[in-house]
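What follows is a set of notes on a single structure, which appears directly below.
Number of protein chains: 2
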Amino acid sequence: MKNFRAAIQIQLRNNILDVQGKTVENALHSLSFSNVSDVHIGKYVELTVAAADKQQALSHVEDACRKLIANPIMEDFHIELTEV
Amino acid sequence: MKNFRAAIQIQLRNNILDVQGKTVENALHSLSFSNVSDVHIGKYVELTVAAADKQQALSHVEDACRKLIANPIMEDFHIELTEV
């Protein structure tokens, strides 16, 4: 068994209004960061997974994302794996 | 002026207890993902920043992270910039 560290970026799907992102964008503008736009806020998850190979590790992490970590109806996720 | 897309990963500092991560780890174990450990949950922010060059864009985004986006007392942040 090898250990892999997974970095998972989770974001709302493109067509869903990102209220939190819009609020942070407005707050940045009031703090005179007027050059900032298109702010999107999501989740960032790191975890260690034990698996026989990278392919199996990826399939476990995708399964965990679909079942618990992300909300597959509203969110997209992107997984990066590195062997540790 | 060029536009840069910043991807910001924000995580609790190492010595701070990640209660949300621990809760997700326990939930994954009950869903029979027993091969998963060391779960850490943070925030993922994407934004577009207009700046003269990459160095200036990075300094703007770091400033925005310190002043609003991250909590510099409890969190570390990592910024990646790509020109768009």
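So the protein lines, in turn, are chains A and B. If you use the numbering used here, the first sequence corresponds to residues 1 to 84, in order. If you use the numbering used here, the second sequence corresponds to residues 85 to 168, in order. Ideal Cβ positions, reconstructed from N, Cα and C, are used throughout, including at glycine.
Worksheet entry | Within 7 Å of chain A by C-beta, residues of the segment 112 to 138 of chain B in sequence order | Leu-112, Leu-115, Phe-117, Asn-119, Val-120, Ser-121, Asp-122, Val-123, His-124, Ile-125, Gly-126, Lys-127, Tyr-128, Val-129, Glu-130, Leu-131, Thr-132, Val-133, Ala-134, Ala-135
Worksheet item: Would you say Val-19 of chain A faces chain B, with C-beta separation under 8 Å as the test?
Response: no
Worksheet entry | Nonlocal neighbours in the same chain, by C-beta distance under 7 Å from His-57 of chain B, ignoring five residues either side | With chain B running from 85 to 168 in the structure shown, residue 57 of chain B is simply not present.
Discussion item. With H, G and I counted as helix, E and B as strand and the rest as coil, what does DSSP make of Ser-143 of chain B?
Written reply: helix
Worksheet entry | Whole-number beta carbon distance between Val-120 of chain B and Glu-130 of chain B, since they are thought to touch under 8 Å | Here Glu-130 of chain B is actually not in contact with Val-120 of chain B; their C-beta atoms are around 26 Å apart, not less than 8 Å.
Discussion item. Counting C-beta neighbours from all protein chains within 10 Å, is the total for Leu-17 of chain A 16 or more, i.e. buried, or is it exposed?
Written reply: exposed
Fill in: Residues that Lys-67 of chain A contacts on chain B, provided the C-beta gap is smaller than 9 Å
Leu-112, Leu-115, Phe-117
Worksheet item: Can you find a CB in chain A that lies within less than 8 Å of the CB of Ile-94 of chain B?
Response: yes
Practice prompt. Could you tell me whether the Cβ atoms of Ile-10 of chain A and Glu-83 of chain A are closer together than 8 Å?
Written response: For Ile-10 of chain A and Glu-83 of chain A, no; Cβs fall outside 8 Å.
Worksheet item: What's the C-alpha gap between Arg-66 of chain A and Pro-72 of chain A?
Response: Roughly 6 Å between the two C-alpha positions.
Fill in: Beta-carbon spacing of Ala-64 of chain A, Leu-112 of chain B below 8 Å
Yes; because the gap between Cβ atoms is below 8 Å, this pair is in contact.
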